[in-house]
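J.:
4 protein chains.
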Amino acid sequence: MPAEATIRVRYAETDTMGIVYYANYLIYMEVARVEYLRQRGCPMAEVDRKIHMPVVDASCHYVKPARLDDLLRVRAHVSKRKRASFTFSYEITHAETGELIATGETRHACWDPESQKMIAIPDWLKHVMSEDVPDAV
Amino acid sequence: MPAEATIRVRYAETDTMGIVYYANYLIYMEVARVEYLRQRGCPMAEVDRKIHMPVVDASCHYVKPARLDDLLRVRAHVSKRKRASFTFSYEITHAETGELIATGETRHACWDPESQKMIAIPDWLKHVMSEDVPDAV
Amino acid sequence: MPAEATIRVRYAETDTMGIVYYANYLIYMEVARVEYLRQRGCPMAEVDRKIHMPVVDASCHYVKPARLDDLLRVRAHVSKRKRASFTFSYEITHAETGELIATGETRHACWDPESQKMIAIPDWLKHVMSEDVPDAV
Amino acid sequence: MPAEATIRVRYAETDTMGIVYYANYLIYMEVARVEYLRQRGCPMAEVDRKIHMPVVDASCHYVKPARLDDLLRVRAHVSKRKRASFTFSYEITHAETGELIATGETRHACWDPESQKMIAIPDWLKHVMSEDVPDAV
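Chains as they are written, first to last, in this note's numbering: chain A, 3 to 139; chain B, 3 to 139; chain C, 3 to 139; chain D, 3 to 139.
Here is the structure:
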């Protein structure tokens, strides 16, 4: 089940074209990603002490521009899981009209701040994602 | 020939992980893209009056984190051209060590602010890109 | 009565010092300022068509750093009104502990997009602020 | 003698009003502040290991809006020094026309990352600023 964040477009996020600047959709995705973890008992400030999840790949497909003060709905879920990386998929829609604004993906690795090394996805994190990407698959 | 921008990483662009926040690489790409056009006689403020080039797709592959005060070199060139869209490819390296930091791509459409419609790439813009993507191809 | 916005600190808003980057408090202030107007029947997208309110002066006093994922409460109210400018005052506190994070002020002028000129505060806008800064004062 | 940074306004820094978003001037100030230290032999990445200089107060006075692709000149110098805090003053002008865009100030405290305490300005840092704020004053 995707997590959902509701985001109001801020002035600082628009640009001189009158629309949301393209890099800011990656910020919106992150907000929903953090929300996903929070809803599963993993507030980010705690997660960061145990594991870092650097983004290895990010992509965004822009469908329709969002504008100042628009209320956006950002849905995030884990769409893929490998041994040492996992992928979040996102869907950004206009909260009132339902129109699709953008879709995106981020692939993350797991980095252990203690050993300062890349590691396989730890079991507790697999468990967090298990609803989306069951172990058997 | 790629255009090149040299960018010093600012505090505001780092995050609490001690590295450049992932969305900011899309800003760096844009700086090099604007530089590409400027070097070919098309300063952005002028271009914007004639045509808008909304990003349709963006992607970034993160290889090595950049940090506060790092000096980055961002290279941009047009790697693909279709009738109504074109693609910029980017390479971000550490300016001093030459290490690869990230690569990326942005695909753009052409929107005419006068008719308020999507249009094919106008001839003057094709000409700007002709060194990278010759007409015959 | 101040308007109140609740803001969750995002990754992008922190810096390599592990705290919220100082310029971002001005973004938080703006979110509360926009909320103030919305709660008084003036959604920003509508306001912008009638009048622009460029910031003439901004200041922020930083008391205690906010960190990733902190939930902040930002209160905004109009604290001063002159013929052609008005001042918003802000208080940013930690939403859970109540600790004071920062205070700030922004002074705004009124610019008419139609005549492209600075103007006195229009009556409808005075009315919006009348609870905070009564006309008699 | 003030340090000087030359900054080209980026898309991401403009907003839907067609001008640079007000919080971003604080980023420009920081760029010049870091440049000031670099020119005096203190690259930021090194400074951060020895001392943190959290902003206690920041203010900006906006004179004339900057726009996309404008080339700005940001001058920074230390204008005041007390036992445990110091103040940078900034002047932002249009690099080509010389027009004044904004002025600003930031007051900084000194925080020792080792003892995790606020401290007086260390002697090496006083020395760095001695040209602007001589000891005798």
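Glycine residues also receive a C-beta, built at the ideal position from the N, C-alpha and C atoms. Remember, predicted model here, so these are calculated numbers, not experimental data.
Tell me, please, whether the CB atom of Y24(B) is closer than 8 Å to any CB atom in chain A?
T.: The residue labelled residue 24(B) in the question sits at position 22 within the second sequence. Closer than 8 Å to some Cβ of chain A, the Cβ of Y24(B) qualifies, so yes.
J.: Could you name the residues of chain D that Y13(C) contacts, counting a contact when the two beta carbons are closer than 8 Å?
T.: The residue labelled residue 13(C) in the question sits at position 11 within the third sequence. Per Cβ cutoff of 8 Å: no residues; Y13(C) is ~16 Å from chain D at best.
J.: So, does the CB of V33(C) fall closer than 8 Å to a CB anywhere in chain A?
T.: Here the question's residue 33(C) lines up with position 31 in the third sequence. It does: the Cβ of V33(C) has a partner Cβ on chain A nearer than 8 Å.
J.: Along the chain, where does the alpha helix (DSSP H) that runs through E37(D) open and close?
T.: Reading the fourth sequence from its first residue, position 35 is the one you call residue 37(D). Here the alpha helix (DSSP H) through E37(D) covers 26–41.
J.: Is the beta carbon of T16(A) closer than 8 Å to that of D72(D)?
T.: Reading the fourth sequence from its first residue, position 70 is the one you call residue 72(D). Reading the first sequence from its first residue, position 14 is the one you call residue 16(A). Not a contact, by the Cβ cut-off of 8 Å.
J.: Under the assumption that V58(D) contacts I103(D) (Cβ atoms under 8 Å), give the Cβ distance between them as a whole number of angstroms.
T.: In the fourth sequence, counting from the first residue as 1, residue 58(D) sits at position 56. In the fourth sequence, counting from the first residue as 1, residue 103(D) sits at position 101. Not a contact, Cβ separation roughly 24 Å.
J.: Residue range of the beta strand (DSSP E) that D59(B) falls in?
T.: On the second sequence, residue 59(B) is found 57 positions in, with the first residue counted as 1. First-last of the beta strand (DSSP E) with D59(B): 57–64.
J.: Quick one: residues in its chain with C-beta nearer than 6 Å to the C-beta of M19(D), no 5 flanking neighbours on either side, listed in chain order?
T.: Here residue 19(D) refers to the residue found at position 17 when the fourth sequence is read from its first residue. Cβ neighbours of M19(D) beyond the five flanking positions: none.
J.: Determine the direct distance from the alpha carbon of M31(A) to that of I53(B), and round the result to whole angstroms.
T.: The count along the second sequence starts at 1 and reaches residue 53(B) at position 51. The count along the first sequence starts at 1 and reaches residue 31(A) at position 29. One C-alpha to the other measures close to 29 Å.
J.: Within a Cβ cutoff of 7 Å, which residues of the same chain sit near M131(C), ignoring the five residues on either side of it in sequence?
T.: If you number the third sequence from 1, residue 131(C) lands on position 129. If we look at M131(C) and ignore the five residues flanking it on each side, its Cβ neighbours are V80, R83, F88.
J.: Chain B partners of A47(D), CB-CB under 9 Å?
T.: In the fourth sequence, the residue the question calls residue 47(D) occupies position 45. Neighbours of A47(D) on chain B, chain order: R69, L70, D71, D72.
J.: Are the beta-carbon atoms of A5(B) and A78(B) separated by less than 8 Å?
T.: Counting from 1 along the second sequence, the entry for residue 5(B) is found at position 3. Counting from 1 along the second sequence, the entry for residue 78(B) is found at position 76. Cβ atoms of A5(B) and A78(B): closer than 8 Å.
J.: Do V49(A) and A7(A) have their beta-carbon atoms positioned less than 8 Å apart in this structure?
T.: To locate residue 7(A), count along the first sequence from 1; it is residue 5. To locate residue 49(A), count along the first sequence from 1; it is residue 47. Taking 8 Å as the Cβ cut-off, A7(A) and V49(A) do not qualify as a contacting pair.
J.: Keeping to the same chain, check which residues put their C-beta closer than 6 Å to that of D134(B); ignore five residues upstream and five downstream.
T.: Looking up residue 134(B) in the second sequence gives position 132. For D134(B), where only same-chain residues beyond five positions count, the Cβ hits under 6 Å are H79, V80.
J.: Quick check on G20(C) - is its C-beta less than 8 Å from some C-beta in chain B?
T.: Position 18 of the third sequence holds residue 20(C). Taking Cβ atoms only, chain B reaches closer than 8 Å to G20(C), which makes this a yes.
J.: With 8 Å set as the bound, which would you pick, yes or no: does the beta-carbon of T95(D) sit closer than that to a beta-carbon of chain A?
T.: Numbered from 1 along the fourth sequence, position 93 holds the residue referred to as residue 95(D). Taking Cβ atoms only, chain A never reaches closer than 8 Å to T95(D), which makes this a no.
J.: Does DSSP classify V192(C) as helix, strand or coil?
T.: With chain C covering only 3 through 139, there is no way to say anything about residue 192(C).
J.: Just checking: is the beta-carbon of I53(A) within a distance shorter than 8 Å of some beta-carbon in chain C?
T.: Residue numbering aside, residue 53(A) sits at position 51 when the first sequence is read from its first letter. It does not: the Cβ of I53(A) has no partner Cβ on chain C nearer than 8 Å.
J.: Restricting to runs no shorter than 3 residues, where is the beta strand (DSSP E) found entirely within the stretch 82–113 of chain A?
T.: Fully enclosed beta strand (DSSP E) runs of 3 or longer: 87–96.
J.: For V139(B), does the three-state DSSP call read helix, strand or coil?
T.: For the purposes of this step, residue 139(B) is identified with residue 137 of the second sequence, where counting begins at 1. Only weak support is given to the placement of V139(B): the predicted model assigns it a pLDDT of 45, under 50, and the value that follows is read from those uncertain coordinates. Looking at V139(B) - three-state DSSP - the assignment turns out to be coil, as it is neither helix nor strand.
J.: Measuring only the C-alpha atoms, how far is L127(A) from I121(A)?
T.: For the purposes of this step, residue 127(A) is taken as residue 125 along the first sequence, with counting starting at 1. For the purposes of this step, residue 121(A) is taken as residue 119 along the first sequence, with counting starting at 1. Looking at the two C-alpha atoms, the distance is approximately 12 Å.
J.: Do A68(B) and V11(B) have their C-beta atoms within less than 8 Å of each other?
T.: Position 66 of the second sequence, counting from 1, holds the residue named residue 68(B). Position 9 of the second sequence, counting from 1, holds the residue named residue 11(B). Yes, these two residues count as a Cβ contact at 8 Å.
J.: When DSSP labels each residue in this structure, what does A122(C) get in the three-state scheme?
T.: On the third sequence, position 120 is the one that residue 122(C) refers to. Of the three classes helix, strand and coil, the one that applies to A122(C) here is coil, per DSSP.
J.: Would you mind sorting M3(D) into buried or exposed? The rule is 16 or more other CB atoms within 10 Å of its CB.
T.: If you number the fourth sequence from 1, residue 3(D) lands on position 1. Result: exposed.
J.: Can you have a look at G106(C) and say buried or exposed, based on whether 16 or more other CB atoms are within 10 angstroms of its CB?
T.: Translated into the one-based positions of the third sequence, residue 106(C) becomes position 104. G106(C) should be labelled buried.
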